[in-house]
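Novice: Numbering follows this note's numbering, with no gaps: position 237 of the sequence shown is 288.
Each residue gets a CB set at the ideal place from its N, CA and C atoms; glycine is no exception.
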Amino acid sequence: TFQELGLNEPILRALADQGYEQPSSIQAKPFPPALTGRDVLGCAQTGTGKTAAFSLPSLDRLGHAKGGQGPLMLVVTPTRELAQQIGEVCTAIAASTHHRILTVVGGFLTPQINKLKHGVDILIATPGRLVDLMEQGAVRLGDVEVLVLDEADRMLDMGFWPAMKKIIGATARPRQTLLFSATIDASIKNSVGKLLHDPAFVEIAHKGETADTVEQYIVHVAQTLKPALLKAVLAEKGSDRVIVFARTRSRADSTCRRLKRAG
Numbered sequence: 052t053f054q055e056l057g058l059n060e061p062i063l064r065a066l067a068d069q070g071y072e073q074p075s076s077i078q079a080k081p082f083p084p085a086l087t088g089r090d091v092l093g094c095a096q097t098g099t100g101k102t103a104a105f106s107l108p109s110l111d112r113l114g115h116a117k118g119g120q121g122p123l124m125l126v127v128t129p130t131r132e133l134a135q136q137i138g139e140v141c142t143a144i145a146a147s148t149h150h151r152i153l154t155v156v157g158g159f160l161t162p163q164i165n166k167l168k169h170g171v172d173i174l175i176a177t178p179g180r181l182v183d184l185m186e187q188g189a190v191r192l193g194d195v196e197v198l199v200l201d202e203a204d205r206m207l208d209m210g211f212w213p214a215m216k217k218i219i220g221a222t223a224r225p226r227q228t229l230l231f232s233a234t235i236d237a238s239i240k241n242s243v244g245k246l247l248h249d250p251a252f253v254e255i256a257h258k259g260e261t262a263d264t265v266e267q268y269i270v271h272v273a274q275t276l277k278p279a280l281l282k283a284v285l286a287e288k289g290s291d292r293v294i295v296f297a298r299t300r301s302r303a304d305s306t307c308r309r310l311k312r313a314g
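(1) Starting from L238, trace the alpha helix (DSSP H) in both directions and tell me its first and last residue.
(2) Hey, how far is the Cα of Q187 from the Cα of A214?
(3) How far does the beta strand (DSSP E) with L198 in it extend, from its first residue to its last?
(4) Going by C-alpha distance, which of L281, T128, S242, G88 is nearest S177?
(5) Provide the residue span of the alpha helix (DSSP H) that contains I62, from first to last.
(6) Given this structure, state the Cα-to-Cα distance separating S75 from F105, to the nearest angstrom.
(7) May I have a chain-ordered list of the alpha helix (DSSP H) segments no shorter than 4 residues that lie completely inside the stretch 135-193?
(8) Buried or exposed: which applies to S290, given that a residue is buried once 16 or more other Cβ atoms fall within 10 Å of its Cβ?
(9) For V253 versus R226, is the C-beta spacing smaller than 8 Å?
(10) Threshold first: 3 residues or longer. Then list the beta strand (DSSP E) segments lying entirely within the stretch 87-117, N to C.
(11) Would DSSP call T275 helix, strand or coil?
(12) Drop a sphere of 10 angstroms on the beta-carbon of D208, count the other beta-carbons inside from all chains shown, and report buried for 16 or more, exposed for fewer.
(13) DSSP puts A283 in a beta bridge; with which residues?
(14) Should P84 be labelled buried (16 or more other beta-carbon atoms within 10 Å of its own) or exposed?
(15) Taking 8 Å as the threshold, find out whether the stretch 239-253 comes into contact with the stretch 152-166 through three or more Cβ pairs.
(16) Would you call the CB atoms of V140 and A103 closer than 8 Å?
(17) Quick check on the burial criterion: 16 or more other C-beta atoms within 10 angstroms. Buried or exposed for I294?
(18) Give the range of the beta strand (DSSP E) segment to which L125 is assigned.
(19) Excluding five sequence neighbours on each side, which residues of the same chain lie with their C-beta closer than 6 Å to the C-beta of A189?
(20) Report the residue from D204, G193, K277, T234 whose alpha carbon sits nearest the alpha carbon of I219.
(21) Is the CB-CB distance between G121 and D172 below 8 Å?
(22) How is the alpha helix (DSSP H) around S305 delimited, first residue to last?
(23) Under 8 Å, do L148 and G138 count as touching if we go by C-beta distance?
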């Protein structure tokens, strides 16, 4: 249970309010080393529940910034959507822990700068936007006690390594660093991996393993039967959000026409 993991009362109240009774095996793995302040190198893909895996033990240990201070915890993630998702999870927990959270993505900088001036406990940001704020002198990272690098491999693939180096170089030492990546290869170990001190390795999902929230299956069927099968699958599973891939442009056009006729 979450209680057996040693989480404090405000965190437990937040979990109870959200309807969580016990952690999944995936979420529980990073808790022991993270709660002791040890660095963590986690192999974890999107959709495996890792946001709770790093946010719960971090908020459990995190203090509260004084006016104008902070952030005390910094989460860097490659995309706006991931930043907002992490922000939502942390905000739900913070309803009980009373941490101040700011998510920095696109949009007007002025409101974000004003919030930073008043002090924040947790800052969640994409690398480009965070560097913009740093260059304007709007954010200082010298108070960071916990640094989370989420989806590190994607940030490297997207060309964010120069920004990441600037961000990491501005944070304080010593600090706790939690790094999560879908793959832990030479490029990760030789770049951001070198920034970790004696990290605990936590495998949240094996390489190529699909998150347990995803249902997948394959149906071998003749080409001539595919349109009818697709129509039946959509009727059975629902069709609010669907992506259909076809091998050729003509098949994509044909599939589109058939689906329109089917309503």
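Specialist: Concretely, from the data shown:
(1) Residue mapping note: residue 238 aligns to position 187 of the sequence shown, counting from 1. According to the sequence provided, residue 238 is Ser. The question's Leu does not apply to it. 237-241 is the extent of the alpha helix (DSSP H) around S238.
(2) The residue given as residue 187 occupies position 136 in the sequence shown. The residue given as residue 214 occupies position 163 in the sequence shown. Cα-Cα distance, rounded: 15 Å.
(3) For the purposes of this step, residue 198 is identified with residue 147 of the sequence shown, where counting begins at 1. Element bounds for L198: 197-200.
(4) For this step, residue 177 is matched to residue 126 along the sequence shown. In the sequence under discussion, the amino acid at residue 177 is Thr, which differs from the Ser named in the question. The option with the nearest alpha carbon to T177 is T128.
(5) The count along the sequence shown starts at 1 and reaches residue 62 at position 11. Per DSSP, I62 belongs to the alpha helix (DSSP H) from 60-68.
(6) If you number the sequence shown from 1, residue 75 lands on position 24. If you number the sequence shown from 1, residue 105 lands on position 54. In a straight line, the C-alpha of S75 is about 13 Å away from that of F105.
(7) 160-169, 178-186
(8) Numbered from its first residue, the sequence shown carries residue 290 at position 239. Label assigned to S290: exposed.
(9) In the sequence shown, counting from the first residue as 1, residue 253 sits at position 202. In the sequence shown, counting from the first residue as 1, residue 226 sits at position 175. No.
(10) 91-94
(11) Taking the first residue of the sequence shown as 1, we reach residue 275 at position 224. Looking at T275 - three-state DSSP - the assignment turns out to be helix.
(12) Locating residue 208 in the sequence shown gives position 157, where the first residue counts as 1. Exposed, by the Cβ-count rule.
(13) If you number the sequence shown from 1, residue 283 lands on position 232. In DSSP, A283 forms no bridge with anything.
(14) Position 33 of the sequence shown, counted from the start, is the residue given in the question as residue 84. Result: buried.
(15) no
(16) For the purposes of this step, residue 140 is taken as the residue at position 89 of the sequence shown. For the purposes of this step, residue 103 is taken as the residue at position 52 of the sequence shown. Yes. Within cutoff.
(17) For this step, residue 294 is matched to residue 243 along the sequence shown. Exposed.
(18) Reading the sequence shown from its first residue, position 74 is the one you call residue 125. Residues 124-127.
(19) Taking the first residue of the sequence shown as 1, we reach residue 189 at position 138. The answer, listed in chain order, is I164, L167.
(20) Against the sequence shown, residue 219 aligns to sequence position 168. I219 has its Cα closest to that of G193, out of D204, G193, K277, T234.
(21) Walking along the sequence shown from the start, residue 121 turns up at place 70. Walking along the sequence shown from the start, residue 172 turns up at place 121. Contact: yes.
(22) Walking along the sequence shown from the start, residue 305 turns up at place 254. Where S305 is concerned, the enclosing alpha helix (DSSP H) stretches over 300-312.
(23) Stepping through the sequence shown from its first residue, residue 148 is reached at position 97. Stepping through the sequence shown from its first residue, residue 138 is reached at position 87. This sequence places Thr at residue 148; Leu is not what is there. In this structure, G138 does not lie closer than 8 Å to T148 by Cβ.
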